[in-house]
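The first sequence begins at 3 in my numbering and counts up by one. Heads up, the thing below is written out as C-alpha cells.
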Amino acid sequence: MAEYNFRDIEKKWQAYWEENSTFNAQVDESKKKYYVLDMFPYPSGAGLHVGHPLGYIASDIVSRFKKQQGFNVLHPMGFDSFGLPAEQYAIQTGQHPALTTETNISRYKEQLGIIGFSFDWDKEVRTSSPEYYKWTQWIFLQIFNSWYDTKADKAKKIDELVALFETEGNQNIKASCDEDTPLFTAEAWKNMARKEQQDILMKYRLTFLSETFVNWCPELGTVLANDEVIGGVSERGGHPVERKKMWQWSMRITAYADRLLKGLEEIDFSEPLKDMQRNWIGKSHGCSLHFNVENSERVLEVFTTRADTVFGVSFMTMAPEHEWVAELTTDEQRAEVEAYVEQAKNRSERERMTDVKTVSGVFTGSYAIHPFTGKKVPIWIADYVLSGYGTGVVMAVPCSDTRDYAFASHFDLPVVRIQEGEKTDISQDDFDAKAGKMINSDFLNGMSVKEAMPAMISKVEEMGIGEAKVQYKMRDAVFTRQRYWGEPIPVYFDEEGVACPLDESQLPLNLPEVDEYLPTATGEPPLGRAAGWKKDGKYSYELSTMPGWAGSSWYFLRYMDPKNGEAFADPKAMAYWNQVDLYIGGAEHATGHLLYSRFWTKFLYDIGYIQFEEPFKKLINQGMIQGRSNFVYRVNGTNKFVSHSLRNEHETTRLHVDVNIVENDQLDIEAFKTWRPDFKDAEFILEDGKYICGAEVEKMSKSKFNVVNPDDIVNRFGADTFRLYEMFLGPLEQFKPWNTNGIDGVYKFLKKLWRLFHGGANGAFQVSDEKATKDELKIVHTAIKKVTDDLERFSFNTSVSNFMICVNELQTKKCNKREVLTDLVKIVAPYAPHIAEELWTLLGNKESITKAGFPVCNEAYLKEDAFLYPVMINGKMRAKIELPADASKEEIEKAALAHENVVKWTEGKTPKRVIVVPKKIVNLVI
RNA sequence: GCGGAUAUGGUGGAAUUGGUAGACACGCUAGACUUAGGAUCUAGUGCCGCAAGGCGUGGGGGUUCGACUCCCUCUAUCCGCACCA
Numbered sequence: 003m004a005e006y007n008f009r010d011i012e013k014k015w016q017a018y019w020e021e022n023s024t025f026n027a028q029v030d031e032s033k034k035k036y037y038v039l040d041m042f043p044y045p046s047g048a049g050l051h052v053g054h055p056l057g058y059i060a061s062d063i064v065s066r067f068k069k070q071q072g073f074n075v076l077h078p079m080g081f082d083s084f085g086l087p088a089e090q091y092a093i094q095t096g097q098h099p100a101l102t103t104e105t106n107i108s109r110y111k112e113q114l115g116i117i118g119f120s121f122d123w124d125k126e127v128r129t130s131s132p133e134y135y136k137w138t139q140w141i142f143l144q145i146f147n148s149w150y151d152t153k154a155d156k157a158k159k160i161d162e163l164v165a166l167f168e169t170e171g172n173q174n175i176k177a178s179c180d181e182d183t184p185l186f187t188a189e190a191w192k193n194m195a196r197k198e199q200q201d202i203l204m205k206y207r208l209t210f211l212s213e214t215f216v217n218w219c220p221e222l223g224t225v226l227a228n229d230e231v232i233g234g235v236s237e238r239g240g241h242p243v244e245r246k247k248m249w250q251w252s253m254r255i256t257a258y259a260d261r262l263l264k265g266l267e268e269i270d271f272s273e274p275l276k277d278m279q280r281n282w283i284g285k286s287h288g289c290s291l292h293f294n295v296e297n298s299e300r301v302l303e304v305f306t307t308r309a310d311t312v313f314g315v316s317f318m319t320m321a322p323e324h325e326w327v328a329e330l331t332t333d334e335q336r337a338e339v340e341a342y343v344e345q346a347k348n349r350s351e352r353e354r355m356t357d358v359k360t361v362s363g364v365f366t367g368s369y370a371i372h373p374f375t376g377k378k379v380p381i382w383i384a385d386y387v388l389s390g391y392g393t394g395v396v397m398a399v400p401c402s403d404t405r406d407y408a409f410a411s412h413f414d415l416p417v418v419r420i421q422e423g424e425k426t427d428i429s430q431d432d433f434d435a436k437a438g439k440m441i442n443s444d445f446l447n448g449m450s451v452k453e454a455m456p457a458m459i460s461k462v463e464e465m466g467i468g469e470a471k472v473q474y475k476m477r478d479a480v481f482t483r484q485r486y487w488g489e490p491i492p493v494y495f496d497e498e499g500v501a502c503p504l505d506e507s508q509l510p511l512n513l514p515e516v517d518e519y520l521p522t523a524t525g526e527p528p529l530g531r532a533a534g535w536k537k538d539g540k541y542s543y544e545l546s547t548m549p550g551w552a553g554s555s556w557y558f559l560r561y562m563d564p565k566n567g568e569a570f571a572d573p574k575a576m577a578y579w580n581q582v583d584l585y586i587g588g589a590e591h592a593t594g595h596l597l598y599s600r601f602w603t604k605f606l607y608d609i610g611y612i613q614f615e616e617p618f619k620k621l622i623n624q625g626m627i628q629g630r631s632n633f634v635y636r637v638n639g640t641n642k643f644v645s646h647s648l649r650n651e652h653e654t655t656r657l658h659v660d661v662n663i664v665e666n667d668q669l670d671i672e673a674f675k676t677w678r679p680d681f682k683d684a685e686f687i688l689e690d691g692k693y694i695c696g697a698e699v700e701k702m703s704k705s706k707f708n709v710v711n712p713d714d715i716v717n718r719f720g721a722d723t724f725r726l727y728e729m730f731l732g733p734l735e736q737f738k739p740w741n742t743n744g745i746d747g748v749y750k751f752l753k754k755l756w757r758l759f760h761g762g763a764n765g766a767f768q769v770s771d772e773k774a775t776k777d778e779l780k781i782v783h784t785a786i787k788k789v790t791d792d793l794e795r796f797s798f799n800t801s802v803s804n805f806m807i808c809v810n811e812l813q814t815k816k817c818n819k820r821e822v823l824t825d826l827v828k829i830v831a832p833y834a835p836h837i838a839e840e841l842w843t844l845l846g847n848k849e850s851i852t853k854a855g856f857p858v859c860n861e862a863y864l865k866e867d868a869f870l871y872p873v874m875i876n877g878k879m880r881a882k883i884e885l886p887a888d889a890s891k892e893e894i895e896k897a898a899l900a901h902e903n904v905v906k907w908t909e910g911k912t913p914k915r916v917i918v919v920p921k922k923i924v925n926l927v928i
C-alpha cells in the first residue's frame with residue numbers, strides 16, 4: 003500500500019472494532035472507570051448534519067485518550083426518540099411516528115458509523131421503546147408516591163405522610179405543598195372521605211395535578227409553546243391563541259430549588275451556565291405583605307424584595323388572569339376591565355415580558371388600604387404582572403421601580419419620593435434604587451436602604467401582616483403534553499375521579515394505536531381516539547403524555563445497564579459507573595434538561611436508589627455549527643449570473659446556491675448548470691475567469707441549501723480528516739460557521755504522516771531502528787507534552803496544530819525512526835484512530851492501539867542548553883541576553899545590568915524574563 | 001425586557017499566570033519538479049513606507065515599566081427565556 007488510502011483503512015478498522023467489541027464496557031472493579039457522555043440526539047428526518055458530530059468527536063477523543071491511559075471507559079450513545087417532528091410528520095402523512103423514528107435512527111446510526119466513534123452500541127437506549135419508557139413511567143410513579151419533607155430536606159414515601167396524618171394531622175408537618183392546603187387534625191383526617199383524602203394528598207405529591215395556564219389554540223385544539231405563538235396567533239395556520247387554565251400534571255421541582263442551587267457549587271459547569279441556572283431558579287429574599295381591600299373580605303398578598311419601600315406604594319397592580327379580578331372590579335369599570343382581560347388573554351407570556359415600551363393597564367375601581375398610612379391605594383390591572391411569579395399582585399412603588407414609574411407617569415398616578423440624596427431621583431439617568439436615606443417613611447426616616455429593609459420586615463412580622471419570605475422565580479415544571487408521541491402517563495381515574503397510579507407490575511403502559519394523530523373533536527389529546535384506552539375496560543386512562551424531557555432526565559443511568567428488565571439499572575452497575583465524568587452538549591439545555599436531570603437524580607438519591615446527588619461532574623458546552631450560505635447574483639430579467647464583486651454593476655437578485663457545488667466560494671459552473679433545470683442554459687459574467695459566490699452565515703437549513711452532511715466529507719477526505727478538521731475549526735465551545743475551505747490542510751497533514759512511515763521504494767513502509775537523536779526526541783516529546791496539556795484542558799483545536807508542527811519538523815529532518823514514530827502515532831490515535839491503528843499494525847503490533855498506552859513526556863528532552871532572555875524595556879522587547887538555561891538569579895542580574903539601557907531590573911512574573919526599568923522611567927520613579 | 005456569550009490579518013484561529021501579538025492552517029504571490037495533479041517541495045505574505053521607522057487585537061477611557069489579557073463605558077452580532085429537543 004503505497005498511497006494513503008483512507009477508504010480501505012477506515013473500513014477495515016471499523017469492522018475490526020465491531021468484531022472485537024473493542025469498546026464494549028463491562029463493570030470491572032479492578033479498573034478505574036471513566037464515564038464520557040454525549041447529549042443524545044433527537045433523530046430528525048434531515049439526518050445528521052456536520053454540526054452534530056462536533057461534540058461527539060470531542061467526547062470520542064477523550065474516551066480514546068482515557069482508554070489508552072488505562073481507564074475502563076463507558077461511552078454510550080442512544081436516541082431521544084419521542085418528539086414533536088415525528089408527530090407532525092404523522093399528522094401530515096399518516097405514517098406512524100414509530101416508523102419514522104425507526105427510519106431516522108437507522109440513518110443516524112449509519113452516519114455515525116462511518117465517522118469511527120468508539121461508542122459501545124450494546125448500551126444503546128431509545129426513549130420511545132417500551133423497554134425504556136417502562137422505567138420512565140416507573141420513575142414517574144415513584145415521584146407520584148412521594149412528598150417533600152422540608153425539615154429533613156428530602157423526598158419521602160407518601161405512605162409515611164399518610165401515617166403522620168393518621169397520628170398527628172398535618173399541623174406540624176413542614177412540607178413542600180400547595181399554598182391552599184388546609185390544616186387538619188388526625189381525627190379530621192380519619193373522618194374524611196377517600197376522595198377528600200386523595201385531594202389532600204395531591205397537594206403534597208411531588209408530581210401532582212393542578213390548574214395551570216397554557217397557550218390554548220381552540221382552532222388546532224392543542225396547546226402551543228410560546229415559540230409557536232407569534233403576535234397572539236399560532237405560527238401554524240395563524241389561528242387565535244388564548245391563555246387558558248387547564249388541569250395538568252406538574253413536577254414539584256421547586257421543592258429542590260435550594261439543593262439545585264447548592265449543588266452547583268460542587269460541579270464543574272462553566273460559570274456562565276451556572277449563572278443561567280441560578281437566574282432561572284431566581285432565589286430572592288424578601289417579605290410577604292397583606293393589604294386589606296376596601297369594602298371586601300379579600301386580603302391581597304404581595305411579595306416584595308424591597309420591603310423598605312412600602313411607604314412609596316401609591317397603587318397596586320394585579321395580573322389580568324388573577325382569580326379575584328372580576329370580584330374586585332366595580333360596575334363602572336367592568337366593561338373596560340373585561341375588555342382588557344380579554345385582550346391580555348391573547349398575548350403570550352413572552353410578549354408580555356419582552357414588550358416594556360407599551361404601558362397598558364386598567365383601573366378596577368377598588369382600593370386597597372395601605373397597612374401603615376391607612377390611605378386608599380387604587381388597584382389596577384396590568385399585563386406586565388405575571389400570574390406565575392409571586393402572588394400575581396405587585397405593590398407598585400413608582401419612585402424606585404422603573405416599570406412602576408413608567409406606569410405611574412402614563413396614567414398620571416402619584417409618585418411619592420421616599421429616598422433622598424444623590425442618585426435617588428428615578429426620572430434621572432443615574433438613578434440608583436438603593437442610594438440615599440429614607441424620607442416620608444415614618445419610622446424608617448433617616449435610615450439607609452440596607453438598614454430599612456430588616457427594620458420593615460420585623461415591623462411587618464410584629465404587626466402580623468406578613469413575614470420574611472424566600473421567593474423563587476422558578477415554577478413547578480409542567481409535565482403534561484397534549485400529544486401522541488410521548489410516554490403515556492401511568493395513571494387512571496376511578497369512579498370518584500381520583501387519579502390512581504398503575505401498579506408496577508402493569509408497566510409498561512404501552513402507547514395505544516390511534517386512527518389519527520390529531521386532537522379529538524372535543525379537544526381531547528390524541529390518546530382520546532384510542533379505542534378501549536381504559537383500565538380494566540372501565541376506568542379512563544390519563545390522555546396526556548409526558549414531555550420530551552421525561553426520558554432524557556435519567557437516560558445516563560439506563561446506559562449503565564440498558565437491558566435490565568427487573569430494575570431501571572443494576573445498583574452495582576450504578577455504584578461502579580457512578581457520576582458522568584464528562585458530559586458534552588449544547589448550552590441550549592442549560593435551564594431545561596440540565597435542571598430536570600439534576601432534579602430527578604436528587605430525587606432518586608433521596609429515596610435511596612442511587613448513591614450520588616449530582617449526575618454530571620463536568621460539563622462542556624459545544625458551540626453550534628452554523629451554516630455558511632453561498633449566493634449567486636442573477637441579472638434581473640435574464641439567465642445571466644454575475645460574479646460577486648461585479649454584482650453592483652447590474653440590477654441583480656440574490657439566490658441561495660447549494661453550498662455543495664461551491665468550493666472556496668468559487669462556483670462549479672458545470673455542476674450549477676445541472677443543479678436545477680432552469681439553470682441549464684445559464685450564462686456567466688466572470689472575474690479572473692472564475693465565478694465567485696457571495697457568502698453569509700445563517701442557521702443550517704434545507705431551504706437555504708447550506709446543509710452539509712458529514713457523509714460527503716467523509717467520502718471525499720475520510721473520517722480521520724473529518725474528525726481532525728472539526729476539531730481544527732476552533733475552540734469546541736465557540737459558535738462558528740461551517741466552512742470546508744481549510745480542510746485540505748488537515749488532509750495534507752495525514753498524508754505527510756503516512757509518508758513519514760512510507761519512505762521506502764515506491765512508497766513502501768519503512769522505518770529506521772536507529773536510535774533517535776536528542777533533537778528528534780525533543781520534537782516528539784514537545785508534542786507529547788503539548789497534546790497531553792491540550793487534552794487535559796479540552797483544547798482540541800490546538801492539538802491538531804501541535805501534530806502538524808511535529809510532523810513538519812520530523813519531515814524536515816527526514817526522521818523515520820521507530821522510537822519517535824511509535825510515540826507520535828500513539829498521541830495521534832485519539833484524534834485520527836483509523837490511520838493510527840493502521841500505522842500501529844505496520845509497526846509490527848498485534849493488538850489495537852487502544853491498548854497501547856499514552857506516552858508520558860520526558861521533560862529532560864525539552865531542556866534548552868542556552869536561553870535567550872528577552873530584555874523588556876517599556877513593555878517592548880529591545881534586546882536578548884543569551885545565558886545558560888540553568889543560569890542563577892545572580893548571573894541573570896549581572897548580565898542584565900551589563901546591558902547599556904538597564905539601570906534596575908526585576909524578575910518577570912513569568913520565569914525566564916528580564917524586566918527592565920530603563921533610565922528615564924527610573925528618573926521619574928526615584 | 002431579563003439572563004448569557006462573542007469581537008484578533010483577506011479567512012479559520014493561536015498567544016496556559018499581564019511579558020517578543022498573528023503559532024498552525026486556508027487563501028494569495030513567486031519559484032522548483034513533471035506520470036500536468038484536487039500531487040509534492042522551497043520562499044514570501046498584518047497594515048503604511050524605498051528605507052529607517054511608524055501603526056496595529058470592535059470604538060472610547062483607565063490601571064501598569066508593560067494590556068488581546070484586568071477595570072469602566074459604548075457599539076455590533078449571536079443564543080436562551082418554561083409545550084422545540
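Cβ atoms here follow ideal geometry from the backbone N, Cα and C, with glycine treated the same way. No experiment lies behind these values; they were computed from the predicted model shown.
Contact under 8 angstroms by Cβ, residue i with residue j
i      : j      : result
Pro549 : Gly488 : yes
Asp385 : Pro322 : yes
Arg485 : Pro528 : yes
Leu669 : Val659 : yes
Ile1   : Ala831 : This structure gives no information on residue 1, because the portion of the chain shown stretches from 3 to 928.
Asn147 : Ile160 : yes
Span separating the alpha-carbon of residue i from that of residue j
i      : j      : result
Gly855 : Gly392 : 57 angstroms
Leu263 : His595 : 15 angstroms
Phe605 : Tyr134 : 19 angstroms
Pro913 : Asp792 : Since pLDDT at Pro913 reaches only 47, below the 50 mark, its modelled position is unreliable, and the value read off the structure follows with that caveat. Pro913 and Asp792: Cα-Cα distance of roughly 21 angstroms.
Arg613 : Leu39  : As written in the sequence, residue 613 is Gln, which differs from the Arg given in the question. Roughly 19 angstroms between the two C-alpha positions.
Val927 : Lys896 : Low per-residue confidence applies at Val927: pLDDT is 28, beneath 50, and the placement is therefore not dependable, though the value from the model is reported in the following sentence. Going by the C-alpha atoms only, they are around 22 angstroms apart.
Pro416 : Thr319 : 14 angstroms
Trp19  : Lys111 : 15 angstroms
Ile715 : Asn708 : 14 angstroms
Ser546 : Pro490 : 7 angstroms
Glu424 : Ser450 : 13 angstroms
Lys692 : Ser645 : 8 angstroms
Asn847 : Thr824 : 10 angstroms
Trp251 : Tyr543 : 14 angstroms
Close-in-space but distant-in-sequence residues of the same chain around residue i (CB under 8 angstroms, 5 per side omitted)
i      : result
Phe8   : Phe719, Gly720, Ala721, Asp722, Thr723, Leu752, His836, Ile837
Thr183 : Asn172, Ile202, Lys205, Tyr206
Contacts around residue i, its chain only, beta-carbon distance under 6 angstroms, and the 5 residues preceding and following it disregarded
i      : result
Ser443 : Phe313, Ile420
Phe570 : Trp137
Burial state of residue i (16 or more Cβ within 10 Å)
i      : result
Met355 : exposed
Tyr465 : Sequence inspection shows Met at residue 465; the Tyr mentioned does not correspond to that position. Counting Cβ neighbours within 10 Å, Met465 comes out exposed, since fewer than 16 surround it.
Beta-carbon proximity list for residue i, same chain, < 7 angstroms, skipping 5 on both sides
i      : result
Val75  : Ala27, Tyr36, Val38, Ser65, Lys68, Lys69
Leu688 : Ser645
- Query: Is it a yes or a no for the segment 541-555 touching the segment 135-147, going by three-plus beta-carbon pairs under 8 angstroms?
  - Reply: At 8 angstroms Cβ cutoff, the stretches touch.
- Message: Quick check: the segment 510-518 against the segment 110-128, are at least 3 beta-carbon pairs closer than 8 angstroms?
- Response: no
- Stretch-stretch touch, CB-based, cutoff 8 angstroms, three pairs: the segment 278-295 with the segment 369-382: yes
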